[in-house]
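Chemist:
Numbering (this note's numbering), first residue to last: 25 to 479.
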């Protein structure tokens, strides 16, 4: 819900070679062959980039994914606008969430969703289903799939090709075969632990750890979550994030996350399991345990030479909510569209500055303010239990619900109602005062080792 509140409120060592020089110039080509593009990573960002390249003239696209049937850990929520924008079939969406229940540290529950129209919802997906669909679509259009783990990106000449060294896994083989191939352009879509980012010295970022259990519950309990998601806040479930129960196809995902106290993630997971225990029933069955890093901010360098980062590899995950699927898909598509245009039909190589001036400038202009506001909101509402109580209290407002849901579902800032915005300001102050009056003090914790690692 915090991702929607924005509008209303305002480790791997890969032995990489040195980063490509930013002085690479545009090169006219008459090679008698198509332009060679590598997309590293087959999630939403990589698949959507590969789709654009596959449709472009005079471009050969290779899509690397280390495990084509991988079940990636993720909450799986997508906004309504993504369904139409990316032409997703109805069966991709497991659940259509039209109600959310916000639960404060003191146990106060606020129901959210009264302002939604009949055809509006938040889509809940399984990444293994969504990713496979997007990837298969790119392959059907002409992208060449390679089941392989990229290990190195090398280059020798400033205007020459990049060499990707990788282990290719053939069907039935457990050990990969060392392989390599040359490419003119690379799109790094290989997630938070991006090897492509390390290869170009894109810089580090702070990250949260998210932990989720996929849990099978009795049918009568699953009925409760048919179109409902729950969000829990409190220092017991996370000192700086939130915990959740999200409905999936035939089970629920229960999880939490934290940046400031990652070693205690198992304690926070135990706490959310305790808080939602009655709703899960007497004998919940854990089907799968998942954990993964979530970038806390964008990387310092997202384009170096003719290598562009997208999705989690670039750091495109919002604060507060940890939302990343839409921005991953959008960044992959946007980067590919701009690069295709710059190649002029596959006849020239774009420069680093050209890619920055198109892809990066357009993405930052469209979504930069959202990332900034959500950063501020996380600092305001996730700092202590009093602020968390205030956050849940504010969510009871129909105005907050309408403006924030509209902004989330359609990824366009809504509102601009000065009178109601002024009312919201005073209501926020009142909620903070009331929240601090009823909230229990946050527990103290010491985590000096993790704190020293933060940038």
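Here a beta-carbon is modelled for each residue, glycine too, at the ideal position from N, C-alpha and C. The structure presented is a predicted model; accordingly, all values stated were derived computationally and were not measured.
Leaving out the 5 sequence neighbours to the left and right, which residues in its chain are closer than 7 Å to residue 48 when beta-carbon positions are compared?
Modeler: Position 24 of the chain shown, counted from the start, is the residue given in the question as residue 48. In this prediction, residue 48 scores a pLDDT of 47, lower than 50, which makes its location untrustworthy; the coordinate-derived value is nonetheless stated afterwards. If we look at residue 48 and ignore the five residues flanking it on each side, its Cβ neighbours are 182, 183, 329, 330, 375, 376.
Chemist: What does the alpha-carbon distance come out to for the pair residue 223 and residue 338?
Modeler: Within the chain shown, the letter at position 199 stands for residue 223. Within the chain shown, the letter at position 314 stands for residue 338. If I take the Cα positions, the gap works out to 13 Å.
Chemist: Give me, in chain order, the residues of the same chain whose beta-carbon lies closer than 8 Å to that of residue 46; leave out the 5 immediate sequence neighbours on both sides.
Modeler: Counting from 1 along the chain shown, the entry for residue 46 is found at position 22. Bear in mind that a pLDDT of 46 at residue 46, under 50, signals an unreliable position, so the model cannot answer this.
Chemist: If you compare alpha carbons, which of 293, 286, 273 is closest to residue 280?
Modeler: Position 256 of the chain shown holds residue 280. The shortest C-alpha separation from residue 280 is found at 293.
Chemist: Which residue's Cα is closest to the Cα of residue 242: 365, 397, 102, 305?
Modeler: Numbered from 1 along the chain shown, position 218 holds the residue referred to as residue 242. The shortest Cα separation from residue 242 among 365, 397, 102, 305 belongs to 305.
Chemist: Quick check on residue 468: does DSSP put it in helix, strand or coil?
Modeler: The residue labelled residue 468 in the question sits at position 444 within the chain shown. It is coil, neither helix nor strand.
Chemist: Let me check understanding here. Comparing Cα to Cα, which of 64, 84, 423, 98 lies closest to residue 235?
Modeler: By 1-based counting over the chain shown, the position of residue 235 is 211. With distances taken between Cα atoms, residue 235 lies closest to 98.
Chemist: Quick one: what's got a C-beta closer than 6 Å to residue 227's C-beta in the same chain, skipping five residues either side?
Modeler: Here residue 227 refers to the residue found at position 203 when the chain shown is read from its first residue. Within the same chain, residue 227 has close Cβ partners 323, 324, 325.
Chemist: From the DSSP output, in three-state form, read off residue 35 for me.
Modeler: Within the chain shown, numbered from 1, the residue matching residue 35 stands at position 11. With a pLDDT of 30 at residue 35, under the threshold of 50, the modelled position of that residue is not reliable, and no figure is offered here.
Chemist: Determine the direct distance from the alpha carbon of residue 216 to that of residue 265, and round the result to whole angstroms.
Modeler: One-based indexing of the chain shown puts residue 265 at position 241. One-based indexing of the chain shown puts residue 216 at position 192. The alpha-carbon atoms of residue 265 and residue 216 are separated by roughly 18 Å.
Chemist: In chain order, what residues of the same chain lie with their CB nearer than 6 Å to the CB of residue 119, ignoring the 5 residues before and after it?
Modeler: Counting from 1 along the chain shown, the entry for residue 119 is found at position 95. Taken in chain order, the residues that qualify are 148, 271.
Chemist: Find out if the Cβ-Cβ distance for the pair residue 308, residue 240 is shorter than 8 Å.
Modeler: Translated into the one-based positions of the chain shown, residue 308 becomes position 284. Translated into the one-based positions of the chain shown, residue 240 becomes position 216. Yes, they are a contact pair.
Chemist: Could you tell me whether the Cβ atoms of residue 87 and residue 168 are closer together than 8 Å?
Modeler: The residue given as residue 87 occupies position 63 in the chain shown. The residue given as residue 168 occupies position 144 in the chain shown. Yes, these two residues count as a Cβ contact at 8 Å.
Chemist: Please go through the region 80–137 and give each complete beta strand (DSSP E) segment of 3 or more residues, from N-terminal end onward.
Modeler: As far as the region 80–137 is concerned, its whole beta strand (DSSP E) runs of at least 3 residues are 83–89, 119–121, 123–127, 133–136.
Chemist: Rounding to the nearest angstrom, what Cα-Cα distance links residue 298 and residue 261 in this structure?
Modeler: Start at 1 with the first residue of the chain shown, and residue 298 comes out as number 274. Start at 1 with the first residue of the chain shown, and residue 261 comes out as number 237. For residue 298 and residue 261, the distance between alpha carbons rounds to 10 Å.
Chemist: Taking residue 71 as the reference, give the member of 393, 256, 352 with the closest Cα.
Modeler: For the purposes of this step, residue 71 is identified with residue 47 of the chain shown, where counting begins at 1. Ranking the options by Cα distance to residue 71, first place goes to 352.
Chemist: In angstroms, rounded to a whole number, what distance separates the CA positions of residue 136 and residue 257?
Modeler: Locating residue 136 in the chain shown gives position 112, where the first residue counts as 1. Locating residue 257 in the chain shown gives position 233, where the first residue counts as 1. Cα to Cα, residue 136 sits roughly 15 Å from residue 257.
Chemist: Please check the pair residue 96 and residue 155, which I expect to be a contact at CB under 8 Å, by giving their CB distance rounded to whole angstroms.
Modeler: Locating residue 96 in the chain shown gives position 72, counting from the first residue. Locating residue 155 in the chain shown gives position 131, counting from the first residue. About 7 Å separates the two Cβ atoms, so the contact holds.
Chemist: Please name the residue, chosen from 416, 176, 465, that lies closest to residue 408 on a Cα-to-Cα basis.
Modeler: Counting from one through the chain shown, the residue named residue 408 turns up at place 384. Comparing Cα-Cα distances from residue 408 to each of 416, 176, 465, the minimum goes to 465.
Chemist: Rounded C-beta distance between residue 360 and residue 76? I'm assuming under 8 Å.
Modeler: Counting from 1 along the chain shown, the entry for residue 360 is found at position 336. Counting from 1 along the chain shown, the entry for residue 76 is found at position 52. So it is a contact: roughly 4 Å between Cβ atoms.
Chemist: Report the residue from 251, 244, 345, 302 whose alpha carbon sits nearest the alpha carbon of residue 283.
Modeler: Counted from its first residue, the chain shown places residue 283 at position 259. That would be 345, whose Cα lies nearest to the Cα of residue 283.
Chemist: Less than 8 Å between the beta carbons of residue 319 and residue 231, yes or no?
Modeler: Here residue 319 corresponds to residue number 295 of the chain shown, with the count starting at 1. Here residue 231 corresponds to residue number 207 of the chain shown, with the count starting at 1. Taking 8 Å as the Cβ cut-off, residue 319 and residue 231 qualify as a contacting pair.
Chemist: Below 8 Å between beta carbons: does that hold for residue 278 and residue 249?
Modeler: As a position in the chain shown, residue 278 is number 254, starting the count at 1. As a position in the chain shown, residue 249 is number 225, starting the count at 1. Going by C-beta atoms, residue 278 is not nearer than 8 Å to residue 249.
Chemist: Do residue 255 and residue 127 have their beta-carbon atoms positioned less than 8 Å apart in this structure?
Modeler: Numbered from its first residue, the chain shown carries residue 127 at position 103. Numbered from its first residue, the chain shown carries residue 255 at position 231. Yes, these two residues count as a Cβ contact at 8 Å.
Chemist: Quick check: what's the CA-CA separation for residue 93 versus residue 152?
Modeler: As a working note, residue 93 is residue 69 in the chain shown. As a working note, residue 152 is residue 128 in the chain shown. Computed Cα separation, rounded: 7 Å.
Chemist: Can you name the start and end residues of the beta strand (DSSP E) that residue 191 belongs to?
Modeler: Position 167 of the chain shown, counted from the first residue, corresponds to residue 191. Its beta strand (DSSP E) spans residues 186–192.
Chemist: Between which two residues does the beta strand (DSSP E) carrying residue 173 extend?
Modeler: The residue given as residue 173 occupies position 149 in the chain shown. That run of the beta strand (DSSP E) goes 168–179.
Chemist: Buried or exposed, going by whether 16 or more other CB atoms sit within 10 Å of the CB of residue 424?
Modeler: Along the chain shown, one-based indexing puts residue 424 at 400. So residue 424 counts as buried.
Chemist: Please say whether residue 434 and residue 105 have beta carbons closer to each other than 8 Å?
Modeler: As a position in the chain shown, residue 105 is number 81, starting the count at 1. As a position in the chain shown, residue 434 is number 410, starting the count at 1. Against a cut-off of 8 Å, the Cβ pair of residue 434 and residue 105 comes out as a contact.
Chemist: So residue 65 and residue 172 are supposed to be a Cβ contact under 8 Å. How far apart are they, rounded?
Modeler: On the chain shown, position 41 is the one that residue 65 refers to. On the chain shown, position 148 is the one that residue 172 refers to. 11 Å between Cβ atoms; not a contact.
Chemist: Looking only at C-alpha atoms, which of 415, 379, 302 sits nearest to residue 245?
Modeler: Numbered from 1 along the chain shown, position 221 holds the residue referred to as residue 245. Ranking 415, 379, 302 by Cα distance to residue 245 puts 302 first.
Chemist: Taking DSSP as the reference, what is the three-state secondary structure of residue 327?
Modeler: The count along the chain shown starts at 1 and reaches residue 327 at position 303. Residue 327: strand per DSSP, three-state reduction.
Chemist: Less than 8 Å separating the beta-carbons of residue 62 and residue 207?
Modeler: Mapped onto the chain shown, residue 62 falls at position 38. Mapped onto the chain shown, residue 207 falls at position 183. Taking 8 Å as the Cβ cut-off, residue 62 and residue 207 qualify as a contacting pair.
Chemist: Where are the alpha helix (DSSP H) runs, 4 residues long or more, that stay fully inside the region 356–429, in chain order?
Modeler: DSSP runs (the alpha helix (DSSP H)) wholly in the region 356–429: 376–379, 385–405, 409–418.
Chemist: Pull up the DSSP beta-bridge partners for residue 279, would you.
Modeler: Along the chain shown, one-based indexing puts residue 279 at 255. For residue 279, which the question treats as bridged, DSSP gives the partners 236, 268.
Chemist: Return the CA-CA distance between residue 101 and residue 146, expressed in angstroms with no decimal places.
Modeler: Within the chain shown, numbered from 1, the residue matching residue 101 stands at position 77. Within the chain shown, numbered from 1, the residue matching residue 146 stands at position 122. Taking the straight line joining both Cα atoms gives about 7 Å.
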